[in-house]
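Numbering (the working numbering), first residue to last: 13 to 468.
Here you go:
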């Protein structure tokens, strides 16, 4: 059986993920395993049609295709995303159709589920049967338990592929309709109240629905917003995953292209940020992926705290809840405020966008930031524990920032709660005390809340 591994790491063979796949291969040497470094070589594949054709033919001859990649900011890296886009742009989907697919990723489990949902959807859109996914911690392969899990996963997918196991599609096919939205006559102007507004877009041309939404929002502020098109910003490459920025937030691309200057001088200086993006396949475009991936030069620290965000989406956003989840989570990780996400699928967009302009300014004037949901709270605790623990000596810049921001809010440092537990735990072992607490519990839970409401 021929197994083709689509290596989605920008580091090529120096990837923990591909080593996990090699471990799987070592358990099954009777099969032919082929490794294609499609993310690492994406620039070559874009310009060299012969090299591209060789990759497509390898896939065409495969019995099993393994999508292998690290998780970069809740998804695949921009280089891997671009490879997937090229499959569709160059009409190579037929090479994947009918093949069986599996997914292997490594990460610290920060939104690895959204990366897996994306890759499953991509595979099923290409007509592939999905056999399952392995989301390994980046250190799992060096642990006996991690090896045992990987070995079991590998045995399952290899046996399933060899037997031609039937699969069921989970993801629904996406609609192909294109929005016809064009902005109407401009309404009343919204005063920005001195707040700096930045609209970042990846629109292609000026006649798309996305361009229309950007134009309408810009007009609502009377032209006071700065508009930056990512296609016109010099971003020479995606994040390389080298982590050389981890000590002092100094990126290897410093001074070599325009991204870091843009991030520091324009993005971080704005009060209101609107992200306008096209959905390409099942996520924002690879250009937007570059934007998110390259922001990793500031590590896991919130560089956009307190800012107001809105998102404009062009494409089937209503059919892709994981896209909204990723955007909401990203803003919450920044400790910023997401006012709204607007899709060109909606009705009455002129009024919606005019209202959005006013709501963004109002929230900026008030300095309003909504409380984080599980999307942000879970991320905070994950990063807090990882940076305090095994990642501290690597991500030293994060550690210094977390100390300054008081991120290390571990429960054992809450002395008041520890004292309460120390007193109440023994008391509740007394039956009479436990009975009284049970009778009063519901009333006691809202006592403080009631006092606040009465004062209000």
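Just so you know, even glycine gets a beta-carbon here, dropped at the ideal spot from N, CA and C.
Span separating the alpha-carbon of residue 328 from that of residue 290: On the chain shown, residue 328 is found 316 positions in, with the first residue counted as 1. On the chain shown, residue 290 is found 278 positions in, with the first residue counted as 1. Roughly 10 Å separates the two Cα atoms.
With the cut-off set at 7 Å, would you say residue 214 and residue 80 are in Cβ contact? Taking the chain shown and counting its residues from 1, the one referred to as residue 214 is at position 202. Taking the chain shown and counting its residues from 1, the one referred to as residue 80 is at position 68. No, they are not a contact pair.
Below 7 Å between beta carbons: does that hold for residue 91 and residue 54? As a first step, residue 91 must be located in the chain shown, where it is residue number 79. As a first step, residue 54 must be located in the chain shown, where it is residue number 42. Yes. Within cutoff.
Taking 7 Å as the cut-off, decide whether the C-beta atoms of residue 139 and residue 174 are in contact. In the chain shown, the residue the question calls residue 139 occupies position 127. In the chain shown, the residue the question calls residue 174 occupies position 162. No; because the gap between Cβ atoms is not below 7 Å, this pair is not in contact.
Considering residue 144, what are the terminal residues of the beta strand (DSSP E) in which it resides? As a first step, residue 144 is located in the chain shown; it is residue number 132 there, counting from the start. 141-149 is the extent of the beta strand (DSSP E) around residue 144.
State the beta-bridge partners of residue 287 as determined by DSSP. If you number the chain shown from 1, residue 287 lands on position 275. In the DSSP secondary-structure assignment, residue 287 is bridged to 212, 323.
Is it buried or exposed for residue 264, if we count other Cβ within 10 angstroms and need 16 for buried? The residue given as residue 264 occupies position 252 in the chain shown. By the Cβ-count criterion, residue 264 is exposed, with fewer than 16 other Cβ atoms from all chains shown falling within 10 Å of its own Cβ.
Restricting to Cα atoms, I'd like to know which of 345, 347, 365 is closest to residue 354. Locating residue 354 in the chain shown gives position 342, counting from the first residue. That would be 365, whose Cα lies nearest to the Cα of residue 354.
Give me whichever residues DSSP pairs with residue 352 in a beta bridge. Here residue 352 refers to the residue found at position 340 of the chain shown. Note: residue 352 is bridge-paired with 322 in the DSSP secondary-structure output.
Can at least three beta-carbon pairs, one atom from the region 303-323 and one from the region 146-162, be found at a separation below 8 Å? no
Sorted by chain position, which residues of the same chain lie with C-beta nearer than 6 Å to residue 18's C-beta, five sequence neighbours on each side aside? Within the chain shown, residue 18 is the residue found at index 6, counting from 1. If we look at residue 18 and ignore the five residues flanking it on each side, its Cβ neighbours are 48, 50, 79.
Do residue 207 and residue 284 count as a contact pair if the criterion is CB distance below 7 Å? Locating residue 284 in the chain shown gives position 272, where the first residue counts as 1. Locating residue 207 in the chain shown gives position 195, where the first residue counts as 1. Yes, Cβ-Cβ distance for residue 284 and residue 207 is below 7 Å.
Using three-state DSSP, classify residue 80 as helix, strand or coil. Here residue 80 is taken as the residue at index 68 of the chain shown, counted from 1. The answer is strand: DSSP assigns residue 80 an E or B state.
Can the beta-carbon of residue 166 be found closer than 7 Å to that of residue 39? Counting from 1 along the chain shown, the entry for residue 166 is found at position 154. Counting from 1 along the chain shown, the entry for residue 39 is found at position 27. For residue 166 and residue 39, yes; Cβs fall inside 7 Å.
Taking 6 Å as the limit between beta carbons, can you name the residues of its chain near residue 212, skipping five residues before and five after? Mapped onto the chain shown, residue 212 falls at position 200. Here the set comprises 240, 287.
For residue 176, I'd like the list of residues in its chain whose CB is within less than 8 Å of its CB, leaving aside the five on either flank, ordered along the chain. Here residue 176 refers to the residue found at position 164 when the chain shown is read from its first residue. Sequence-distant partners of residue 176 (beyond 5 residues in either direction) whose C-beta falls short of 8 Å from its own C-beta, in its chain, are 112.
Minimum C-alpha distance to residue 24 - residue among 66, 89, 70: If you number the chain shown from 1, residue 24 lands on position 12. Minimum Cα distance to residue 24 is reached at 89.
May I ask which residues mark the beginning and end of the alpha helix (DSSP H) holding residue 28? Sequence index remark: in the chain shown, residue 28 carries index 16 (1-based). Unbroken alpha helix (DSSP H) run through residue 28: 28-39.
Kindly provide the ranges of any beta strand (DSSP E) runs that are 3 or more residues long and lie completely inside the region 176-245, ordered along the chain. Within the region 176-245, the complete beta strand (DSSP E) runs of at least 3 residues are 209-213, 238-241.
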